[in-house]
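Take a look at the structure set out below.
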Amino acid sequence: MDEQPRLMHSHGVGMAGHPGLAQHMQDGTAGSDGEGRKQDIGDILQQIMTITDQSLDEAQARKHALNCHRMKPALFNVLCEIKEKTVLSIRGAQEEEPPDPQLMRLDNMLLAEGVAGPEKGGGSAAAAAAAAATGGIGADNSAEHSDYRAKLSQIRQIYHTELEKYEQACNEFTTHVMNLLREQSRTRPISPKEIERMVSIIHRKFSSIQMQLKQSTCEAVMILRSRFLDARRKRRNFNKQATEILNEYFYSHLSNPYPSEEAKEELAKKCGITVSQVRKIERNLKATGSFHLLSRQVSNWFGNKRIRYKKNIGKFQEEANMYAARTAVNATSVSAHGSQANSPSTPNSAGSAGSFNMSNSGDLFMSVQSLNGDSYQGGQVGANIQSQVDTLRHVISQTGGYSDSLAASQMYSPQGINTNGGWQDAPTPSSVTSPTEGPGSVHSDTSN
DNA sequence: GTCAATGATTCGCC
DNA sequence: GGCGAATCATTGAC
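Residue numbers (full-length UniProt numbering): 1 to 448.
If you want it as structure tokens, here you go:
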């Protein structure tokens, strides 16, 4: 096989038309027998076209014959020209792609997280930034912090190792392909531009793999952050007292268990929201001027309670009975004492605004009274009658022969959940007091 | 370790 | 913006 360089640039391509062929023809083979040459070219093309239909041995033999053919250099040049034109037309549309916005986002995020870019404390800085962003992690969580930093540093290390591997693999593969193409250029027309294009394709492929690596790293960082910083991870069960307060309210307002914002705040205060939670909330209140956070946990609790109660009334029957009985006792007490409810001398009377004192854990009944609004509403005992009646009805029904839980659960339906699955008589939640109050009703005492 | 309970979040709807 | 519903994630009992 001849050893002349077959890269297209070395063939002096550039004449109009088919200069390679023309050159060959001018080299003494043109002019005399034009018909014979046409026949030759026709034969060569025919052989090329049918080469894939032949067996390997046959093809090899034909290939050898083609390589030795006197017209081969000219044909080779023609093919080079055609190919170059085609490749250039393809390339035209692919020049200078803009940077991928997704890749930019990933890069920015990795930089922000301290995974990409110079070390400069890397994970530590990111952990500190994350902590600052959440604002909820103090010195008491320094152990978790160091753990977080360690894990982030681990991610960073893995990311850089993998990145190096990818870059190395990319370079190796590019070199390999270039060598291969140079080798193949001996037997088929391959232009340097084509090689260049192939290299850029390889780089694009590897950069897409790199993007996957960056994506995975981002995901890992996100998971790590959620693992250490997600509020859900800080979940603590409410203490028994708080649960009882909330349950008292829920079951005593079963016909409309939608506490107003004020009621939620009041409940939140009265429940055992931890000191740190309260402090955090207070900080937020100062910073934002919003009072919604204060009752967020209460809202969550009621949201969960409503849906879980509705889903499985039977399961909550016993609990409902217990709280209903307490409230019933409360109601009975209210009825029995009648006017005394307004007496300033009565601990839970109007005179004791904000006297809802759950520190006296033995006085749940009192708590219910307060929560039902008696002590807030300045003697509007009647305003709370509806919820008391609700629970009384329930207790009376319970003692009236409902033994199976299904029947018992159905018993609740008319007073609480309607047939559509919604809460019956559920107007816009207004206050901590009975739903029978007007929509605009608010506590007279929210200073507590 | 399993599993039920439960607080918190997310999403779609109104 | 609040709610219901679904889901996640943790706790605590066993």
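For glycine and all other residues, C-beta sits at the position ideal for the given N, C-alpha and C.
Here the alpha carbons of T243 and Y309 stand approximately 15 Å from one another. By the Cβ test, the segment 172 to 180 is not in contact with the segment 63 to 83, since fewer than three Cβ pairs between them sit closer than 8 Å.
Distance between H253 and R306, taken at the CA atoms: about 11 Å. Burial check for R326: the Cβ neighbour count within 10 Å reaches 16 or more, so the residue is buried. Of the candidates L56, F206, E266, the residue whose Cα lies closest to the Cα of L103 is F206. If you draw a straight line from the Cα of N330 to the Cα of E113, it comes to about 57 Å. The Cβ atoms of I245 and K270 sit closer than 7 Å to each other. Ranked by Cα distance from M198, the options K63, F173, Y258, Q168 are led by F173. In this structure, the CA atom of R188 is about 8 Å from the CA atom of F76. Our two residues, E81 and Q39, have alpha carbons roughly 22 Å apart in a direct line. Annotated three-state conformation of N312 is coil, per DSSP. Secondary structure of P257 (DSSP, three-state): coil. Within its own chain, the residues whose Cβ lies closer than 7 Å to the Cβ of Q54, once the five positions on either side in sequence are excluded, are R62, listed in chain order.
Counting only the Cα atoms, A220 lies some 48 Å from N321. Using a Cβ distance threshold of 7 Å, Y159 and V115 count as a contacting pair.
Cβ contact annotation for L163 (same chain, cutoff 6 Å, sequence separation greater than five): none.
In the three-state DSSP reduction, A116 falls in the coil class, being neither helix nor strand. DSSP places H64 in the uninterrupted alpha helix (DSSP H) bounded by 56 to 68. Under the three-state reduction of DSSP output, D53 falls in the helix class.
Rounded to the nearest whole angstrom, the CA to CA distance from Q212 to E194 is 27 Å. N256 sits away from Y323, with the two beta carbons spaced by 7 Å or more.
For F250, the enclosing alpha helix (DSSP H) starts and ends at 240 to 252. Less than 7 Å separates the beta-carbon of E84 from that of S191. If you draw a straight line from the Cα of E318 to the Cα of Y251, it comes to about 12 Å.
Comparing alpha carbon positions, the residue from A169, E196, C170, V298 closest to R182 is E196. Take I41, set aside five residues on each side of it, and the residues of its chain with a beta-carbon closer than 8 Å to its own are M71, L75, in chain order.
Taking 8 Å as the upper bound for CB-CB distance, K214 and L110 are in contact here, some 6 Å apart. By the neighbour-count criterion, in which a residue is buried when 16 or more other Cβ atoms sit within 10 angstroms of its Cβ, L267 is buried.
Relative to the Cα of F238, the nearest Cα in the group P259, E262, Q297, R149 belongs to Q297. With respect to the 7 Å criterion, S216 and K264 are not classified as neighbours on the basis of their beta carbons. Between C218 and L106, the C-beta gap is smaller than 7 Å, which places the two residues in contact. Taking every protein chain shown into account, the CB of E261 has 16 or more other CB atoms within 10 angstroms, so this residue is buried. Under the 10 Å beta carbon count, A169 is surrounded by fewer than 16 other beta carbons and is classified as exposed.
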